[in-house]
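2 protein chains.
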Amino acid sequence: MKRSALEAQIRAKKSVLCVGLDTDLEKIPAHLLELEDPIFEFNKAIIDATHRYAVAYKPNLAFYEAEGLKGWQSLVRTINYLNDTYPECFSIADAKRGDIGNTSARYAKAFFEVLPFHALTIAPYMGVDSVKPFLAYPDKWIILLALTSNPGAADFQFLQVDEQAQLFETVLEKSQKWATDEELMFVVGATKAAFLERVRKIAPNHFLLVPGVGAQGGSVAEVMKYGMGSESAALLINSSRGIIYASQGLDFAKKAAVAAKDLQKDMQGFIL
Amino acid sequence: MKRSALEAQIRAKKSVLCVGLDTDLEKIPAHLLELEDPIFEFNKAIIDATHRYAVAYKPNLAFYEAEGLKGWQSLVRTINYLNDTYPECFSIADAKRGDIGNTSARYAKAFFEVLPFHALTIAPYMGVDSVKPFLAYPDKWIILLALTSNPGAADFQFLQVDEQAQLFETVLEKSQKWATDEELMFVVGATKAAFLERVRKIAPNHFLLVPGVGAQGGSVAEVMKYGMGSESAALLINSSRGIIYASQGLDFAKKAAVAAKDLQKDMQGFIL
Numbered sequence: 003m004k005r006s007a008l009e010a011q012i013r014a015k016k017s018v019l020c021v022g023l024d025t026d027l028e029k030i031p032a033h034l035l036e037l038e039d040p041i042f043e044f045n046k047a048i049i050d051a052t053h054r055y056a057v058a059y060k061p062n063l064a065f066y067e068a069e070g071l072k073g074w075q076s077l078v079r080t081i082n083y084l085n086d087t088y089p090e091c092f093s094i095a096d097a098k099r100g101d102i103g104n105t106s107a108r109y110a111k112a113f114f115e116v117l118p119f120h121a122l123t124i125a126p127y128m129g130v131d132s133v134k135p136f137l138a139y140p141d142k143w144i145i146l147l148a149l150t151s152n153p154g155a156a157d158f159q160f161l162q163v164d165e166q167a168q169l170f171e172t173v174l175e176k177s178q179k180w181a182t183d184e185e186l187m188f189v190v191g192a193t194k195a196a197f198l199e200r201v202r203k204i205a206p207n208h209f210l211l212v213p214g215v216g217a218q219g220g221s222v223a224e225v226m227k228y229g230m231g232s233e234s235a236a237l238l239i240n241s242s243r244g245i246i247y248a249s250q251g252l253d254f255a256k257k258a259a260v261a262a263k264d265l266q267k268d269m270q271g272f273i274l
Numbered sequence: 003m004k005r006s007a008l009e010a011q012i013r014a015k016k017s018v019l020c021v022g023l024d025t026d027l028e029k030i031p032a033h034l035l036e037l038e039d040p041i042f043e044f045n046k047a048i049i050d051a052t053h054r055y056a057v058a059y060k061p062n063l064a065f066y067e068a069e070g071l072k073g074w075q076s077l078v079r080t081i082n083y084l085n086d087t088y089p090e091c092f093s094i095a096d097a098k099r100g101d102i103g104n105t106s107a108r109y110a111k112a113f114f115e116v117l118p119f120h121a122l123t124i125a126p127y128m129g130v131d132s133v134k135p136f137l138a139y140p141d142k143w144i145i146l147l148a149l150t151s152n153p154g155a156a157d158f159q160f161l162q163v164d165e166q167a168q169l170f171e172t173v174l175e176k177s178q179k180w181a182t183d184e185e186l187m188f189v190v191g192a193t194k195a196a197f198l199e200r201v202r203k204i205a206p207n208h209f210l211l212v213p214g215v216g217a218q219g220g221s222v223a224e225v226m227k228y229g230m231g232s233e234s235a236a237l238l239i240n241s242s243r244g245i246i247y248a249s250q251g252l253d254f255a256k257k258a259a260v261a262a263k264d265l266q267k268d269m270q271g272f273i274l
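The listed protein sequences correspond, in order, to chains A and B.
The first sequence lines up with residues 3 to 274 when you count with this note's numbering.
The second sequence lines up with residues 3 to 274 when you count with this note's numbering.
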């Protein structure tokens, strides 16, 4: 998907909401478990209920891999359903891959061809040749981990690597030499103004994928205020559990729609 | 697998060879392509031919994911065949996973339960809580990326993070507070004496998984000489293409055995 198409969708829906499909057989409503593919049926219902308020969907690969072959089947069905039914929606495989060049080329095939996602999350540790193979696909995106929202982020991402920069800032800076802002986004798990401002100083116009709002407690308004891009609302704010597990009863999809709409309302005033 | 069992196997076979199963439909012998599951048949033949000289096998997940559901089926068959037929052999899922805690717990389930591997490679960028969930499984191992063998290693791994250490050294040092050398190994893509000595100064007794010998040109003798652990031959030296694609004809398994035996011969003199 081209950047202009994603931006048009954001303006049309007045939303930068990304719904995280961390679909867990232990948490989805019990009545779905009788169906042949409960994970897919759950995802389908969530997507149908929320697509008016969300511009992107992000399956978390770990949840599918943990179910083995059946989980991969559910993932295949989910991405195909999303692409066929709501082709305007942006899709992210949250897989955090990254390996030497010839191996990354295989991951690119896996997530951009075999599974036709628009974007894939990538870990930066192995550097430029672990990233480049993904750029061979036009209109596909890599979303590089810069600053994550977990406690362990402090172990390495906050290390001071020279007088001016912490490691996550060096990742933001160096990777911009590898790819344009039409093919590279960043994961920035920051919901605090100070960090968002530091990130925007280095990457003023790149799309940022921001996890950690909703169930994890971050404020949408603060992210919208301090995280906007210099030229557009270059943000994707992810919520997973707060939306998909808003209810575990028969009304799960309806309650997910309400939760998604609530977040969208917090966003709309910031989007022109 | 307990460390003592792995060490016993190393002594018995006088080998620290790990065979990388980077199995690629475009490179395996043409006569296998007519079979129902060419990737599994190839792996089975390679394992049967080389298990006398190798102590470990390492499927590279990207090659299986690139084939979609069929690739996962081949991977399931491969790990089950290996465990059932040669239970003494150590198995590594080279998947370079790593995510926030509840997600890493799912990856642990995927690779230690659903796919019964002994070990999984992990990227360190997200820090302690991305690593800890894997340690809940007794006798399973995580193999943390420290120093990789690709050109991009220079982008971040060699960054100076304080006066004494580069980033890969900080990874080696800090992660030892999270896990013992009975559950944590390191990927060290170094075949040069100087780097191996720097690594061994920080991690004298941990197992190191060393890629980059064989087809990629590194010297087994140099790795054995400078990479040995302080108390045992705590090494797994990986070769992929040099063994599995030693021939692309009908004799591929036989030639793979020859290549594996050649590497084992270079190792045996160093193992008491």
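Even glycine gets a Cβ: it sits at the ideal position worked out from N, Cα and C.
As the structure is a computational prediction, the values presented were derived from the model and not from experiment.
The Cβ atoms of residue 96/B and residue 3/B lie no closer than 8 Å to each other.
The way I'd put it, the stretch 250 to 266 of chain A doesn't touch the stretch 28 to 47 of chain B; fewer than three beta-carbon pairs between them come closer than 8 Å. Taking a beta-carbon distance threshold of 8 Å, residue 128/A counts as an interface residue toward chain B. The criterion of a C-beta distance shorter than 8 Å is satisfied by residue 12/A and residue 18/A. Taking the CA atoms as reference points, residue 41/B sits about 6 Å from residue 25/B.
Short of 7 Å from the beta carbon of residue 118/A, and not among the five residues preceding or following it, lie these beta carbons of its own chain, in chain order: 81 and 85. Judged by their CB atoms, residue 101/A and residue 153/B are not nearer to each other than the 8 Å cut-off.
In this structure residue 174/B is not in contact with residue 161/B, their Cβ atoms being roughly 14 Å apart against a cut-off of 8 Å. Residue nearest to residue 188/B within the set 124/B, 248/B, 247/B and 261/B is 124/B (criterion: CA-CA distance). With 16 or more other CB atoms across the displayed protein chains lying within 10 angstroms of its CB, residue 126/A is buried. For residue 193/B, not one C-beta of chain A is nearer than 8 Å to its own C-beta. At a cut-off of 8 Å between beta-carbon atoms, residue 176/B makes contact with chain A.
With the criterion set as a beta carbon lying under 9 Å from some beta carbon of chain A, the members of the stretch 46 to 68 of chain B are 62, 63, 64, 65, 66, 67 and 68, in sequence order. Looking from the CA of residue 60/A, the closest CA among 149/A, 260/A, 133/A and 145/A belongs to 145/A.
Going by C-alpha positions, residue 74/A is about 20 Å away from residue 87/A. Distance from the CA of residue 70/B to the CA of residue 112/A, rounded to the nearest whole angstrom, comes to 7 Å. Any Cβ of chain A closer than 8 Å to the Cβ of residue 257/B would place that residue at the interface, and such an atom is absent. Annotation: Cβ neighbours of residue 152/A in chain B (cutoff 8 Å, chain order): 102, 103, 128, 129, 131 and 132. Under the Cβ distance rule, residue 86/B does not count among the residues neighbouring chain A, no pair being separated by less than 8 Å. Within the stretch 220 to 247 of chain A, no residue places its CB atom closer than 9 Å to a CB of chain B.
Among the residues facing chain A, residue 147/B is included, as its CB has a counterpart in that chain under 8 Å away. Residue pairing for residue 241/A: DSSP places it in a beta bridge opposite 21/A.
Under the three-state reduction of DSSP, residue 71/B is assigned to helix.
For residue 62/A, DSSP records a beta bridge to 96/A.
Within the same chain, 132 and 135 come within 6 Å of residue 106/B by CB-CB distance, once the 5 residues on both sides are set aside. Bridge partners of residue 123/A according to DSSP: 145/A.
Contact note: residue 157/B reaches chain A through 129, 130 and 176, using a C-beta cutoff of 7 Å and chain order.
Distance from residue 239/A to residue 201/A at the Cβ level is roughly 14 Å; contact not present, criterion being Cβ atoms closer than 8 Å. Against chain B, the CB of residue 250/A has no partner CB under 8 Å away; the residue lies outside that interface. Cβ-Cβ separation between residue 185/A and residue 137/A: approximately 6 Å, consistent with a contact (criterion under 8 Å). In the three-state DSSP reduction, residue 162/B falls in the strand class (E or B). For residue 181/B, the closest Cβ of chain A is not nearer than 8 Å. Taking a Cβ-Cβ threshold of 8 Å, none of the residues of chain A is close to residue 25/B; the smallest such distance is about 11 Å.
Not a single CB atom of chain B sits nearer than 8 Å to the CB of residue 22/A. Interface criterion not met: the Cβ of residue 142/B is under 8 Å from no Cβ in chain A.
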